[in-house]
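Here's the structure we're looking at; comments come further down.
2 protein chains.
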Amino acid sequence: MATIAEKPVIMDETSIHPPQRLLFGPGPSQVHPRVYQALAQPIVGHLDAYFFQISSDIQRMLRKVFGTTNDLTFVISATGSGGMETAISNFVTPGMKVVSFANGFFCDRQSEMARRQGAELVRFEKPWGEVFGDEEAAEFIRREKPKVVMYVQAETSAGAFQRGEAICKAAHEVGALVIADCVTSLGAMPVEVDRTGIDIAYSCTQKGLSCPPGLSPITVSPRAAEWLKARETPNRSWYFDLKLIADYLTVSHRYHHTASATMFYGLHEALTLIEEEGLENRWRRHQQAHLQFVKQVEGLGLEMLVTPQHRIWNLNTPKVPQGVDDAKVRATLLNDHGIEIAGGFGQLAGKIFRIGVMGPLATKEHVDEFVKAFGAALRGAGYKS
Amino acid sequence: MATIAEKPVIMDETSIHPPQRLLFGPGPSQVHPRVYQALAQPIVGHLDAYFFQISSDIQRMLRKVFGTTNDLTFVISATGSGGMETAISNFVTPGMKVVSFANGFFCDRQSEMARRQGAELVRFEKPWGEVFGDEEAAEFIRREKPKVVMYVQAETSAGAFQRGEAICKAAHEVGALVIADCVTSLGAMPVEVDRTGIDIAYSCTQKGLSCPPGLSPITVSPRAAEWLKARETPNRSWYFDLKLIADYLTVSHRYHHTASATMFYGLHEALTLIEEEGLENRWRRHQQAHLQFVKQVEGLGLEMLVTPQHRIWNLNTPKVPQGVDDAKVRATLLNDHGIEIAGGFGQLAGKIFRIGVMGPLATKEHVDEFVKAFGAALRGAGYKS
């Protein structure tokens, strides 16, 4: 039978001719060539022993980047927002009291999903870009006594990193589970699920892990797994039912859905690259690129939205200088330099730039080149530093 | 800035070394090399003009394979089962009367999802492998007067193709919408959404379209779109909310989730290959490969489960001959020939083989080679024809 597959194949040109982009936006981030190579490897079936080997490797490597020993650590076959829905639909039930710490767009998305699950939602709101202090967060939880607490560790809409130790401690005191959005931080900053006390953390493949989008890593603490086991009503969502997915990916390998070998290959390669670099080296590289970025944009006269100790390393949010049209700056970068960045939205529309420095682009050289192009684009939009 | 991306890159070996497989199972199916090439092209952002161009091309090409002029024709960022959940969660509300034509595993999955949405479910059951006659189906609908009718056009668990004209006509008479699962048929057989009268059809990328799994094509009739517009309660699922997804992919390009350029590239290439071959030529090729397959396995003395006029062209279900251990046959094919096929499950466990002949493998030469290996594996498992 080997004769069939070994027949020479003419590698015609594909119909895909993407423009050359340098992805300095909040995500997706630049992808390493080895990940592209992995994506082009021949698929196997979703129940093939090789697929489960790749899936098992991914689980092992994900535990390291999440900073956890949780058994239930694997990937959902959907993008990061699908991971959010998995977390919320499995652990929030109708009538359940849920506290949402709300300081950005993705906190609002958490709230919206919890509302759709029928939660009794209590929101603690802060302006986007600010974070919650340990005392005020703990007091709020102690007063409200919710069953679930949600927060966003790295808010992509604002650039602020929310520490979670005090939130988790207070939540556990009142018997609540904690859901944390780690979409932007995973792979670029310490997420530290176990040390922080997070019960359910989800992320994406396309930011700190520097893989194309398409899957959502998730991890669930033994405590949350126990709660789930005891849950009596079925998740309204069959596709995101963690019990069924866990059974498929970790226990019996019983068929649930047809997972994409292609996407698993890509994630496997991205995580292998992280192992090769060393997780702490990778964090340090992102931190250094971030510090260099801040120094240089402050050198251009720009001000950062978030106070220094609360900044996300891989997602920077300098304010748009007065009188500058941020859309013009973004258009110049894209059209003249092939550089994608993003603007603010919601409360921060027109007020900030959102600039990702992550993955292969988190190096001194790339930051230098970026800031050069950025400075020129700002000046082209009338900025005088 | 061009200097950065143009730097030579060392293309190291990836960590992915899959075994060589010939995918003659029910899916995923063999993938054309040009699709793999497309998957390895550099990504752009999920809001990039190039991404929307690719997405728009996909929508145009999908309308042709679906056989529809529906505006709302695009892809969901999840696998085929995610498409099923999109269809059901958007159009089935708590307390709604839903009729399920149930003659296979994926019909049962539709039922399960409808139950989770709180439907009042009425099932018309048949043994797996049989189909519903026009009269009995229409009578059942007229008697039950449901709001939604669900059926599976091509049941992968059994190999039977369900015609839908009578179902759709009766459903529309009583004012019901029709949801049809076209996961296995799309791209390999005429699906004919508009001619049949289907309101919501969903599929996958990894069978008849011969692309890796990861996305789910869906199409929604104007009638169903009107119903959805008037729906007052939000879909419990935010991720699968068709209003939000349609807004992102077709109307305002307003951000919903971070769609995967990679997966869109692959699907674009797979659909381009279909356009190049010609849709009717492709159907004919699958039909001919199917007829040849049936002739040859009948020549081996095997019997097909499904009567000739109701067979799915690209998914064949010959019965396991008496006294033959089907697991042994499958293991021999996999280990000695690198060929994946599947067995039956549920009602048909141990009773049938499920053999996909689709995509690049739907040719006379591949069928010849397959049946040669299959015959040898059967004899190795004690079969005497």
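Sequence order for the protein chains is A and B. Using the working numbering, read the first sequence as starting at 7 and increasing by one per residue. Using the working numbering, read the second sequence as starting at 7 and increasing by one per residue. Just so you know, even glycine gets a beta-carbon here, dropped at the ideal spot from N, CA and C. For clarity, every value in this text was computed on a predicted model and none was experimentally measured.
Item	Value
For B:Val-137, count the other beta carbons within 10 Å of its own beta carbon; 16 or more makes it buried, fewer makes it exposed. Which is it?	buried
Compare the C-beta of B:Leu-384 against all C-beta atoms of chain A and say whether one is closer than 8 Å.	no
Could you give the first and the last residue of the continuous alpha helix (DSSP H) run that contains B:Phe-130?	Here B:Phe-130 belongs to no alpha helix (DSSP H); instead the beta strand (DSSP E) covers 126 to 131.
Is the distance from the Cβ of B:Ser-21 to the Cβ of A:Glu-275 below 8 Å?	yes
So what's B:Ala-84 in DSSP terms, helix, strand or just coil?	strand
Which residues of chain B have a Cβ atom closer than 9 Å to the Cβ of A:Thr-99, listed in chain order?	Chain B residues near A:Thr-99: none, gap ~12 Å exceeds 9 Å.
Would you call A:His-23 buried or exposed, if buried means 16 or more other Cβ atoms sit within 10 Å of its Cβ?	exposed
Taking B:Ser-147 as the reference, give the member of B:Gly-181, B:Ala-194, B:Ile-361 with the closest Cα.	The residue asked about is misnamed: residue 147 of chain B is Ile in this sequence, not Ser. Answer by Cα proximity: B:Gly-181.
So, are the CB atoms of B:Val-184 and B:Asp-200 less than 8 Å apart?	no
Please state whether DSSP places A:Leu-183 in a helix, a strand or coil.	strand
What did DSSP end up calling A:Tyr-42 once you bin it into helix, strand or coil?	helix
Would you identify the three-state DSSP class for A:Ala-8, choosing helix, strand or coil?	Below a pLDDT of 50, predicted positions are generally treated as unreliable, and A:Ala-8, at 38, falls in that range; the measurement from the model is reported next regardless. Looking at A:Ala-8 - three-state DSSP - the assignment turns out to be helix.
In or out: A:Pro-48 buried (at least 16 other Cβ within 10 Å) or exposed?	buried
Looking at the C-beta of A:Gln-65, does it have a partner C-beta in chain B at a distance below 8 Å?	no
What residues are listed by DSSP as bridge partners for A:Thr-268?	DSSP output for A:Thr-268 lists no bridge partner at all.
Under DSSP, the beta strand (DSSP E) around B:Ser-222 begins and ends at which residues?	222 to 226
According to the neighbour-count rule (16 or more other Cβ atoms, all chains shown, within 10 Å of its Cβ), is B:Val-257 buried or exposed?	exposed
From B:Gly-349 to A:Gly-51, what does the alpha carbon distance come to, in whole angstroms?	14 Å
If you measure from the beta carbon of A:His-274 to each beta carbon in chain B, is any gap under 8 Å?	yes
Please name the residue or residues paired with B:Tyr-157 in a DSSP beta bridge.	B:Ala-186
Out of A:Pro-324, A:Gly-220, A:Thr-268, A:Ala-387, point me to the one whose CA is closest to A:Thr-338's CA.	A:Ala-387
Mind checking who A:Gly-349 pairs with in its DSSP beta bridge?	A:Phe-359
Could you list the residues in the stretch 303 to 327 of chain A with a C-beta less than 9 Å from some C-beta on chain B, going in chain order?	none
Per DSSP, which residues does A:Trp-134 bridge with? Please list them.	A:Glu-136
When the Cα of A:Ser-391 is compared with those of A:Thr-74, A:Arg-115, A:Glu-142, A:Gly-305, which residue comes out closest?	A:Gly-305
Determine which residues share a DSSP beta bridge with B:Asn-76 and list them.	In DSSP, B:Asn-76 forms no bridge with anything.
Which chain A residues sit within Cβ distance under 9 Å of B:Asp-54?	Pro-24, Pro-25, Arg-27, Leu-340, Glu-346
Taking A:Phe-72 as the reference, give the member of A:Asn-96, A:Gly-214, A:His-178, A:Thr-85 with the closest Cα.	A:Gly-214
Can you tell me whether DSSP reads B:Leu-28 as helix, strand or coil?	strand
Checking contacts by CB at 8 Å: is A:Pro-223 closer than that to chain B?	no
What are the residues of the stretch 186 to 217 of chain B that lie near chain A, defined by any Cβ-Cβ distance shorter than 8 Å?	Cys-210, Gln-212
Can you tell me whether A:Glu-12 is buried or exposed? The criterion is at least 16 other CB atoms within 10 Å of its CB, across all chains shown.	Because A:Glu-12 carries a pLDDT of 43, less than 50, the predicted location of this residue cannot be relied on, and the following value inherits that uncertainty. Flag for A:Glu-12 reads exposed.
Could you work out which residues of chain A lie near B:Tyr-254, taking near to mean beta carbons separated by less than 9 Å?	Those do not exist, as B:Tyr-254 stays about 11 Å from chain A at its closest Cβ, beyond 9 Å.
Whose Cβ in chain A lies nearer than 9 Å to the Cβ of B:Met-364?	The contacting residues do not exist; B:Met-364 stays about 14 Å from chain A at best.
Taking B:Ala-120 as the reference, which of B:Gly-110, B:Phe-130, B:Glu-131, B:Ser-106 has the closest Cα?	B:Ser-106
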